[in-house]
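Protein chains: 2
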Amino acid sequence: MTETTAPTWLPQHDPLATADVHEWLADWRRRAGMRVDVVPLAGLRGWRQDADTGVLAHRSGRFFRVEGLSVEMPGAAVPRWDQPVLHQPEVGILGLLARRDGDTLRVLVQAKAEPGNQDGHQLAPTVQATRSNWTGVHGGRPVPFLHHFRDPDPRRVIVDVRQSEHGSWFLRKRNRNMVVLTDEDIVPPPGFRWLSLAQVHRLLRHDDLVNMDIRTVLSCLPAELTARTAAPARDAFTAALRRSCRPGTGSRHRTGELLHWITDVRSRTEVGADRTALRGRAAWHLGEVSLRHDSGLFFEVIGVDVDAEGREVASWSQPMLRPCGQGVVAFLATRLDGVLHVLAHARVEAGFVDVVELAPTVQCTPATLDYLPAAARPPFLDQVLDAPPERVRFRAVLSEEGGRLYRARSSYLVVETDDVDLESDQYRWVTLHQLSELLRHSNYVNVSARSLIACLRGLLDAG
Amino acid sequence: MTETTAPTWLPQHDPLATADVHEWLADWRRRAGMRVDVVPLAGLRGWRQDADTGVLAHRSGRFFRVEGLSVEMPGAAVPRWDQPVLHQPEVGILGLLARRDGDTLRVLVQAKAEPGNQDGHQLAPTVQATRSNWTGVHGGRPVPFLHHFRDPDPRRVIVDVRQSEHGSWFLRKRNRNMVVLTDEDIVPPPGFRWLSLAQVHRLLRHDDLVNMDIRTVLSCLPAELTARTAAPARDAFTAALRRSCRPGTGSRHRTGELLHWITDVRSRTEVGADRTALRGRAAWHLGEVSLRHDSGLFFEVIGVDVDAEGREVASWSQPMLRPCGQGVVAFLATRLDGVLHVLAHARVEAGFVDVVELAPTVQCTPATLDYLPAAARPPFLDQVLDAPPERVRFRAVLSEEGGRLYRARSSYLVVETDDVDLESDQYRWVTLHQLSELLRHSNYVNVSARSLIACLRGLLDAG
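Protein sequences appear in the order of chains H and R. Just so you know, full-length UniProt numbering puts the end of the first sequence at 463, numbered straight through with nothing missing. Just so you know, full-length UniProt numbering puts the end of the second sequence at 463, numbered straight through with nothing missing.
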C-alpha cells in the first residue's frame, strides 16, 4: 500500500492552492508520463478475438469485451441499427474520501493518467478501480485507499449509488459512486492532494482538467452539502442557482409528477438491445487495424499499447473506443419564480438498464448529424450553438472517461433562455435539488447530465 | 366502453358493506363463470412452438413467451441452473381509481376472474391490462376505465411506478402500478364497486379474496395516506405498527444507510441470466403435455383452454406456469423503541432487473427444499413455521397473479419476535415508512414483500 497515515502530532493538512493545481498536474505529467501507441486491433497482447463472432475479450475473461449490439427502437428517427458496444458487467468503484475541516469539506483527489486522456494526468477521485483491479486479475499492486470504500462504517457513507455510463457506447455499465467521510489525519502520499470541494468545483471551468469519474461522484453529493454558504449571492443568476440547489425550494413540477412522467415515457417507449456477434454487423467493418463504420463517423474501436509509470500495472494493451468528433452537451436553463430550472430530456440510450434516463437538453455529436435522418437532429441544438455569449453561463471542453474511451471530449455548456415554453413529451423543467433527490437512486440521471450538475454547482462560488 | 358516468343529481355513491363482499363475489362467480380446461401444451390454439428451440410464442408475437433461462450465481447454494421462464417485455397497467369522500379514501374495485384463480372471481384493481389488451392485439372489447390511466392529469396521480413480479418465474417483468384520483361521480357498472381503502385492507385477512394485482398497487400508496387515523391504537402492537407507517419516525438505520447496504449487496453479487432455448435444458423435460422438472418439483408449464363470459375476449388458450407446492411468505417483525420493524432480505432472483430487491424474511416453497442443498434452506423458516400462535400477527393464504400463474398460492405470515439480533449481510430491520419511500421507485421491493406490506396496513384498523 502506498497510503500513509499521518502521525498524530501533525496538526494541519497542506491544502493545495487552486492556482497551483495546474503546476502540480504538469509536474506529474513530467514525472510519470504515460506512453500510448495506437496499434492494430488484431493480435492485441492479452486479448483474444473469437474466430466466429469477432468478439474481443481479455484472456482472463475479466475486464470488458467488445461485442455487437442489435438495437430496435420502433418509432425513433432511426428505428433499428447494429453497433459495437463495450460490455463490462462488473461494477467498479469511484470513491472520494472526504473530511470536514470546520465548515469546509475537503476531498482527497488524485493526479491520474489514463490512456485515453488528451494530456495525460487529470484530477481524479481518490479511488478509481474496477473489480478486476482489486481482485488482482491483472496481478498489479494494491489500490491505495481502497479499504475506505470496501468496508466503510455505514454512518460515514455520504454517497453510495451505482450510476450509468455512456449508454451509446457501454452496455448496462454501472460504476459505484461513493463519498466516504474520514476523520483520520491522512497526509497525502505522492500523487494525492486534499482540495476543498469549492476548489474542485471551480476547477471544472478549465478544459480537460477534472476527469469524468470525479465529476459524476461530485454530482451525487447531497444538495444540502453544496449550497450552504451564508455569503450573499453575487448576482440574480447565482441567487437563482443557489435556490435551485436547496431542498424544498419551489419547482415547476412536484417530484411525484416527475416520477409519473418518467414512468410514462419508460412505459410507452419500446427498446430492444440484444447482444450479438461483432462480425457481420451491417455498415460496420472489422479489419486487422480497427473496427469502424463505413461512413467513418460515430466511433471506431482501436487497439493501444500502454507504458505507464506509477500504475498498478506498468504496461498493458487494450482495445479502446474512439469517438469520431467532439460532443456537445448542454442544458438550457431558465428562472421560474426566481429558481433556476434546467430542461431535462428523457433520453433513450440502447445501453441503459431502464429504457430512459434524464439527460441534458442537448447531447449529440454534431459531425454525425449530416449522416442521420433530419428527425435525429436534437431540437434545441441550434439554440445552444447560436446563443449570444452573455447567455452562456458555463462553457468548457471536458474529457470523458479515459480508461475505455480514447480522446473522447465534449463541449459542456449551460445556456440561459427566457423562453420557458419548451416542454413537450420528452422535456421537463427541473430544479437541481430534484435531480439531487433522483441521484440517490440508480438509472435516473445520465452521465452527461451528472457532469453538468457538477459544473453548475461550480458556479455557486465566486472566484 | 362499459363505463357509466353518473348523472350529476346522484348525491351519493353506494359503497358495499364489507360483509357483503363475499356474497357479491359469489354472485359474480355464478353469473359469469370461467371454465378452464388443462390441455396439452403442444398444439395450443393461437400459439406456436419453435421447432428448434421449443420456445412457445403467441402467433401475434405479443403477450408473452415461454423461453429458457440459463442462470449463474457464483457462490450461491445452487451456483448454476437452467429453467424455463415467462418473458413478457411489455409493461401492463394495474390501475386503481380513487376518490376522496371527506376523510375516507374510496377505491373502485372489480370482481375479476382469472384462469389461474382457485375460485374464479377475486377483488381486483379498477384496471388490469397488458399493452396487448389495450392495443387490441387480441381483438377484444375496450378495457373499462383505461382512459383514466392512459392520459391522467399529472396532479391527480398518487402512484405511478413500475414494479417487478416474481423474479423466479418471470424475466424482468414489470407492471405499472397506478393510483389516480377522480372527482367524477362514477356509478360503478356491473362488476365494479366502490370500497373504502380500510375495507380492502381488512379483506386481506380472508384467504384467496384480494388478488395480487390490487395488493401490489395498495402497497405503493404513500405511507401518509394509510396511517392517519386519529383514534387511539387498540394495543401496543398496533401503536408500533402505526408509528412504523408514519414518515419521519425513528428507524434502526437511516434510509441512506439502507441505500448503501443495497448498493453494496448489488455490487458484490454476481448474477448472470441469459435467455436460451427451451429444448435441451438440463433436468427439464419438454413433452407434448407439459414442460416439467425431472424431480416433479419447482413448477411446470401447462396449457389451458379458457371460456369466459364478461371478458374482453370470450375464449382463448394459453400456457400457464403451475407452481408445485404452496409458498411460504413471511416477515419477522419486532418493536425497536416502540416502532415496528420488519426483517427485510436482500434477495437475488434471476429475473430481477437489478440483481436484488428487498424481500420478506422468508420466501420459499417448502416442498422443494428436500431436493435442494441444505444451504438453500432459508435461515428463518423454522422460526416462522414453529411460531407460537400468539406471535403470529397475520396469517392468510393468498393467490398469486392468476393470468399467467395457475393456482399459485402462498401462506402469508407476519410473526413477531423479541430476538432483535438477526441482522447479517443480507438482512436488515426496516420500518414500513422506509419501504414506502423505496416504493416510489422501481426495483427496490419485491412483489411478495409488497403483498405483506398491504397485509400489515390491514392490521392498522380494528374490525
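Glycine is no exception: its CB is placed at the ideal position from the N, C-alpha and C atoms.
Notebook entry, point to check: Which whole runs of the beta strand (DSSP E) in the segment 227-289 of chain R are 3 residues long or more, in chain order?
Noted result: 272-276 and 284-286
Check: Going along chain R in order, which residues have a C-beta closer than 8 Å to the C-beta of Ser377 of chain H?
Finding: By 1-based counting over the first sequence, the position of residue 377 of chain H is 377. Correcting the residue identity first, residue 377 of chain H is Arg in this sequence and not Ser. Correct list: empty, because the minimum Cβ distance to chain R is about 28 Å.
Item checked: CA-to-CA distance, Thr249 of chain H to Gly248 of chain R, given in whole angstroms -> Walking along the second sequence from the start, residue 248 of chain R turns up at place 248. Walking along the first sequence from the start, residue 249 of chain H turns up at place 249. C-alpha separation (whole angstroms): 19 Å.
Check: Where are the alpha helix (DSSP H) runs, 4 residues long or more, that stay fully inside the segment 82-168 of chain R, in chain order?
Finding: 131-134 and 147-150
Check: Using 9 Å as the limit for Cβ to Cβ distance, is Gly248 of chain H near chain R?
Finding: The count along the first sequence starts at 1 and reaches residue 248 of chain H at position 248. Taking Cβ atoms only, chain R never reaches closer than 9 Å to Gly248 of chain H, which makes this a no.
Item checked: Whole-angstrom distance between Gln326 of chain R and Thr334 of chain R, CA atom to CA atom -> Position 334 of the second sequence, counted from the first residue, corresponds to residue 334 of chain R. Position 326 of the second sequence, counted from the first residue, corresponds to residue 326 of chain R. For Thr334 of chain R and Gln326 of chain R, the distance between alpha carbons rounds to 26 Å.
Notebook entry, point to check: What three-state label does DSSP hand Ser295 of chain R in the structure shown?
Noted result: To locate residue 295 of chain R, count along the second sequence from 1; it is residue 295. Coil at Ser295 of chain R, not helix or strand.
Notebook entry, point to check: Helix or strand or just coil, what does DSSP make of Glu349 of chain H?
Noted result: As a working mapping, residue 349 of chain H is identified with position 349 in the first sequence. Glu349 of chain H: coil per DSSP, three-state reduction.
Notebook entry, point to check: Would you say the segment 331-350 of chain R touches the segment 165-182 of chain R, given that touching needs at least three Cβ pairs under 8 Å?
Noted result: yes
Next item on the list: Quick one: using the 10 Å Cβ neighbour count with 16 as the cut-off for buried, is Thr361 of chain R buried or exposed?
Entry: What you label residue 361 of chain R is simply residue 361 of the second sequence in a count that begins at 1. Flag for Thr361 of chain R reads buried.
Notebook entry, point to check: Taking the alpha helix (DSSP H) that Thr366 of chain R falls in, what are its first and last residues?
Noted result: As a position in the second sequence, residue 366 of chain R is number 366, starting the count at 1. In the sequence as displayed, the identity of residue 366 of chain R is Pro instead of Thr. Taken as a continuous stretch (DSSP letters only), the alpha helix (DSSP H) holding Pro366 of chain R covers Pro366 to Leu369.
Checklist line | Under 9 Å between C-beta atoms of residue 538 of chain H and Leu225 of chain H | finding: Absent from the model: residue 538 of chain H. The displayed extent of chain H is 1 to 463, so no value can be given.
Margin query: What would DSSP say about Pro389 of chain R, mapped onto helix, strand or coil?
Written below: To locate residue 389 of chain R, count along the second sequence from 1; it is residue 389. The answer is helix: DSSP assigns Pro389 of chain R an H, G or I state.
Checklist line | Neighbourhood of Gln363 of chain H by C-beta, 6 Å cutoff - its chain only, sequence neighbours within 5 removed | finding: For the purposes of this step, residue 363 of chain H is taken as residue 363 along the first sequence, with counting starting at 1. Here the set comprises Val329 and Ser448.
Check: Would a check of beta-carbon distances place Asn443 of chain H closer than 9 Å to chain R?
Finding: Counted from its first residue, the first sequence places residue 443 of chain H at position 443. True, the Cβ-Cβ gap to chain R drops below 9 Å.
Notebook entry, point to check: What's the gap between the Cα of Leu146 of chain H and the Cα of Val127 of chain H?
Noted result: On the first sequence, residue 146 of chain H is found 146 positions in, with the first residue counted as 1. On the first sequence, residue 127 of chain H is found 127 positions in, with the first residue counted as 1. Whole-angstrom Cα-Cα distance: 6 Å.
Margin query: Given a cut-off of 9 Å on the beta-carbon distance, is the pair Gly256 of chain R and Ile453 of chain H in contact?
Written below: The residue you call residue 256 of chain R lines up with position 256 of the second sequence. The residue you call residue 453 of chain H lines up with position 453 of the first sequence. In this structure, Ile453 of chain H does not lie closer than 9 Å to Gly256 of chain R by Cβ.
Notebook entry, point to check: By a C-beta neighbour count over all protein chains shown, 10 Å radius and 16 as the cutoff for buried, is Pro40 of chain R buried or exposed?
Noted result: Here residue 40 of chain R corresponds to residue number 40 of the second sequence, with the count starting at 1. Looking at its Cβ environment, which holds fewer than 16 other Cβ atoms inside 10 Å, Pro40 of chain R is exposed.
Note to self: Count Cβ pairs between the segment 291-302 of chain R and the segment 182-191 of chain H that sit closer than 8 Å; are there 3 or more?
What the structure shows: no
Checklist line | Buried or exposed by the 16-neighbour rule on C-beta atoms within 10 Å, applied to Gly102 of chain R | finding: Along the second sequence, read from residue 1 onward, the residue named residue 102 of chain R stands at position 102. Answer is exposed; the Cβ neighbour count stays below 16.
Notebook entry, point to check: In the segment 381-402 of chain H, which residues sit with their C-beta less than 7 Å from some C-beta in chain R, listed in chain order?
Noted result: none
Notebook entry, point to check: Beta-carbon of Glu90 of chain R versus every beta-carbon of chain H: anything under 9 Å?
Noted result: As a working note, residue 90 of chain R is residue 90 in the second sequence. Taking Cβ atoms only, chain H reaches closer than 9 Å to Glu90 of chain R, which makes this a yes.
Next item on the list: Measuring alpha carbon to alpha carbon, tell me which of R:Leu94, R:Pro152 and R:Lys112 ends up nearest Gln163 of chain R.
Entry: As a working note, residue 163 of chain R is residue 163 in the second sequence. Closest by alpha carbon: R:Leu94.
Notebook entry, point to check: alpha helix (DSSP H) containing Thr334 of chain H: first to last residue?
Noted result: To locate residue 334 of chain H, count along the first sequence from 1; it is residue 334. Element bounds for Thr334 of chain H: not the alpha helix (DSSP H) but the beta strand (DSSP E), Gly327 to Leu336.
Item checked: Cutoff 9 Å: His267 of chain R Cβ touching any chain H Cβ -> The residue you call residue 267 of chain R lines up with position 267 of the second sequence. The sequence shown places Ser at residue 267 of chain R, rather than the His named in the question. At least one chain H Cβ lies under 9 Å of Ser267 of chain R.
Notebook entry, point to check: Cβ atoms of Ser411 of chain R and Arg391 of chain R: under 9 Å apart, would you say?
Noted result: Start at 1 with the first residue of the second sequence, and residue 391 of chain R comes out as number 391. Start at 1 with the first residue of the second sequence, and residue 411 of chain R comes out as number 411. In this structure, Ser411 of chain R does not lie closer than 9 Å to Arg391 of chain R by Cβ.
Next item on the list: Within its chain, find whatever has a CB closer than 7 Å to the CB of Ala129 of chain R; leave out the 5 residues flanking it on each side and keep chain order.
Entry: In the second sequence, counting from the first residue as 1, residue 129 of chain R sits at position 129. Within the same chain, Ala129 of chain R has close Cβ partners Gly92, Ile93, Val143 and Leu146.
Note to self: I'd like to know whether the C-beta of Glu270 of chain H is nearer than 9 Å to at least one C-beta of chain R.
What the structure shows: Here the question's residue 270 of chain H lines up with position 270 in the first sequence. Output row for Glu270 of chain H: interface = yes.
Checklist line | Candidates H:Pro378, H:Pro74, H:Val161 and H:Leu195: closest to Ser219 of chain H by CA position | finding: Working through the first sequence from its first residue, we reach residue 219 of chain H at position 219. Checking every option, the nearest Cα to that of Ser219 of chain H belongs to H:Val161.
Next item on the list: Name, please, each residue of chain R whose Cβ falls closer than 8 Å to the Cβ of Val157 of chain H.
Entry: In the first sequence, the residue the question calls residue 157 of chain H occupies position 157. Per Cβ cutoff of 8 Å: Gly256, Glu257 and His260.
Check: Cβ of residue 464 of chain R within 9 Å of Cβ of Leu456 of chain R?
Finding: Examination of residue 464 of chain R is not possible in this model, given that chain R is present from 1 through 463 alone.
Checklist line | Interface residues of chain H facing Thr263 of chain R [CB-CB closer than 7 Å] | finding: Mapped onto the second sequence, residue 263 of chain R falls at position 263. Correct list: Asp160, Val161, Arg162 and Arg176.
Check: According to DSSP, what are the bridge partners of Ile214 of chain H?
Finding: In the first sequence, the residue the question calls residue 214 of chain H occupies position 214. Per DSSP, none; premise fails for Ile214 of chain H.
Margin query: Taking the straight line between their C-alpha atoms, what separation do you get for Pro319 of chain H and Ser442 of chain H?
Written below: Taking the first sequence and counting its residues from 1, the one referred to as residue 319 of chain H is at position 319. Taking the first sequence and counting its residues from 1, the one referred to as residue 442 of chain H is at position 442. Pro319 of chain H and Ser442 of chain H: Cα-Cα distance of roughly 28 Å.
Margin query: Can you tell me whether Ala26 of chain H is helix, strand or coil according to DSSP?
Written below: Against the first sequence, residue 26 of chain H aligns to sequence position 26. Looking at Ala26 of chain H - three-state DSSP - the assignment turns out to be helix.
Check: So what's Asp421 of chain R in DSSP terms, helix, strand or just coil?
Finding: Numbered from 1 along the second sequence, position 421 holds the residue referred to as residue 421 of chain R. In this structure, Asp421 of chain R counts as coil in the three-state DSSP scheme.
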